Amino acid sequence: MIIAIDGPSGAGKSTLGKMLAKEFGLLYLDTGAMYRAAALAVLRAGISPEDREKVARIAQNAKIELVGEPDSMRVLLDGDDVTSEIRTPEAATAASVVSAISEVRKIMVEHQRAIGENAENGCVLEGRDIGSVVFPNADIKFFLTAKPEARARRRFAEDQAKGRSTSYEQTLDEINKRDERDVSRSDSPLTIPQNAAVIDTSELELADVFDLMLVKIRALSKASAQK
Ligand code: DC
34 MIIAIDGPSG AGKSTLGKML AKEFGLLYLD TGAMYRAAAL AVLRAGISPE
84 DREKVARIAQ NAKIELVGEP DSMRVLLDGD DVTSEIRTPE AATAASVVSA
134 ISEVRKIMVE HQRAIGENAE NGCVLEGRDI GSVVFPNADI KFFLTAKPEA
184 RARRRFAEDQ AKGRSTSYEQ TLDEINKRDE RDVSRSDSPL TIPQNAAVID
234 TSELELADVF DLMLVKIRAL SKASAQK
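Per the numbering used here, the sequence shown runs over residues 34 to 260.
Take a look at the structure:
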């Protein structure tokens with residue numbers, strides 16, 4: 034079973050993706066972490082994230098691995114644990130720039146398809162183009178969204194809990210800028226994939242969104258079993 038979860042940042046994709054992976058015993062793949070790791074490789078090499086050719090070469094040669102269980106997943110870049118480093122605002126900004134480069138997307142998409150196809154029981158993948166490009170024939174597609182203010186509030190609370198110094202206004206500004214880049218790029222912009230179940234999580238508790246997703250998955254599984 035392949036479950037695709039797309040949507041803007043801060044809509045709850047990671048938390049809910051991990052919950053679904055655990056519920057159904059599936060592999061969990063955070064594709065944003067892969068773009069972030071590629072961006073970090075670019076920053077570490079001292080190359081501008083805008084330099085398409087060099088960035089593509091770095092992305093091609095970088096060894097990006099996601100290891101461990103969903104809740105304790107580690108991201109390795111050329112064997113080096115970069116789990117925390119990829120979450121900095123600098124890495125996030127660089128990731129949104131390098132993810133607009135078609136050559137980079139091609140490399141990442143190939144990698145993601147291979148991981149999803151080889152997952153023994155199936156895979157939950159979350160990102161921006163999973164249901165539209167990576168697995169357009171996914172068994173189930175979700176598009177999670179929320180108002181920018183709701184997403185900024187959540188992200189700000191997470192950052193505070195992690196002891197990061199930032200403000201709500203700054204967080205909202207970063208979210209708006211990243212949304213703009215994600216929806217306006219020419220290659221695989223963030224869109225609602227065909228046949229995706231759209232859930233606006235702005236006013237919902239996590240548990241309620243999870244329940245909605247479970248209902249949808251069970252209904253689809255039942256329908257396909259009856260075919
Ligand atoms: O989900 P995230 O914030 O960790 O993603 C980091 C960046 O990578 C973000 O700007 C969007 C981009 N991304 C993408 O273009 N396609 C994906 N499948 C996943 C993430």
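Backbone N, C-alpha and C define an ideal beta-carbon position, used for all residues, glycine too.
Remember, it's a predicted structure, so these values are computed and weren't measured experimentally.
Status (buried if at least 16 other CB within 10 Å, exposed otherwise) for residue i
{"i": "L73", "result": "buried"}
{"i": "Q227", "result": "exposed"}
{"i": "A147", "result": "exposed"}
{"i": "R251", "result": "exposed"}
{"i": "A190", "result": "exposed"}
Distance cut-off 8 Å: residue i Cβ against heavy atoms of the ligand DC
{"i": "K46", "result": "yes"}
{"i": "E159", "result": "yes"}
{"i": "S129", "result": "yes"}
{"i": "S221", "result": "yes"}
{"i": "V216", "result": "no"}
{"i": "T64", "result": "yes"}
{"i": "D162", "result": "yes"}
{"i": "V115", "result": "no"}
{"i": "A125", "result": "yes"}
{"i": "V242", "result": "no"}
{"i": "M246", "result": "no"}
Beta carbon of residue i nearer than 9 Å to that of residue j
{"i": "D244", "j": "M34", "result": "no"}
{"i": "K51", "j": "D104", "result": "yes"}
{"i": "R211", "j": "P41", "result": "yes"}
{"i": "K249", "j": "A230", "result": "yes"}
{"i": "V88", "j": "V166", "result": "no"}
{"i": "A127", "j": "E118", "result": "no"}
{"i": "I38", "j": "V157", "result": "yes"}
{"i": "A70", "j": "V108", "result": "yes"}
{"i": "T204", "j": "R214", "result": "no"}
{"i": "L60", "j": "G164", "result": "no"}
{"i": "S132", "j": "Y68", "result": "yes"}
{"i": "A92", "j": "V75", "result": "yes"}
{"i": "V64", "j": "G160", "result": "A small correction: the amino acid at residue 64 is Thr; Val does not occupy that position in the sequence shown. Their beta carbons are under 9 Å apart, which means T64 touches G160 by this criterion."}
{"i": "M106", "j": "A152", "result": "no"}
{"i": "E56", "j": "L247", "result": "yes"}
{"i": "S257", "j": "K180", "result": "no"}
Which of helix, strand or coil DSSP assigns to residue i
{"i": "R107", "result": "strand"}
{"i": "D114", "result": "strand"}
{"i": "L205", "result": "helix"}
{"i": "I36", "result": "strand"}
{"i": "T234", "result": "coil"}
{"i": "I225", "result": "coil"}
{"i": "K174", "result": "strand"}
{"i": "I134", "result": "coil"}
{"i": "L73", "result": "helix"}
{"i": "D63", "result": "strand"}
{"i": "G21", "result": "No answer is possible for residue 21: it lies beyond the span of the chain, which begins at 34 and ends at 260."}
{"i": "E123", "result": "helix"}
{"i": "G101", "result": "coil"}
{"i": "G160", "result": "strand"}
{"i": "N151", "result": "helix"}
CB contact below 9 Å: residue i versus chain C
{"i": "P41", "result": "Among the chains in the structure shown there is no chain C, since it carries only a single protein chain."}
- Task: Report yes or no: do three or more beta-carbon pairs, one from the stretch 212 to 220 and one from the stretch 239 to 256, lie closer than 8 Å?
- Result: No, the stretch 212 to 220 does not touch the stretch 239 to 256.
- Query: Can at least three beta-carbon pairs, one atom from the stretch 174 to 183 and one from the stretch 98 to 105, be found at a separation below 8 Å?
  - Reply: No contact exists between the stretch 174 to 183 and the stretch 98 to 105.
- Please confirm if the stretch 75 to 87 is in contact with the stretch 194 to 213, defined as three or more CB-CB distances below 8 Å between the two stretches. In short, these stretches do not touch, since the Cβ pair count stays below three.
- Query: Does the stretch 142 to 149 come close enough to the stretch 43 to 58 that 3 or more CB-CB pairs lie under 8 Å?
  - Reply: The count of Cβ pairs closer than 8 Å, one atom from the stretch 43 to 58 and one from the stretch 142 to 149, stays below three, leaving the stretches out of contact.
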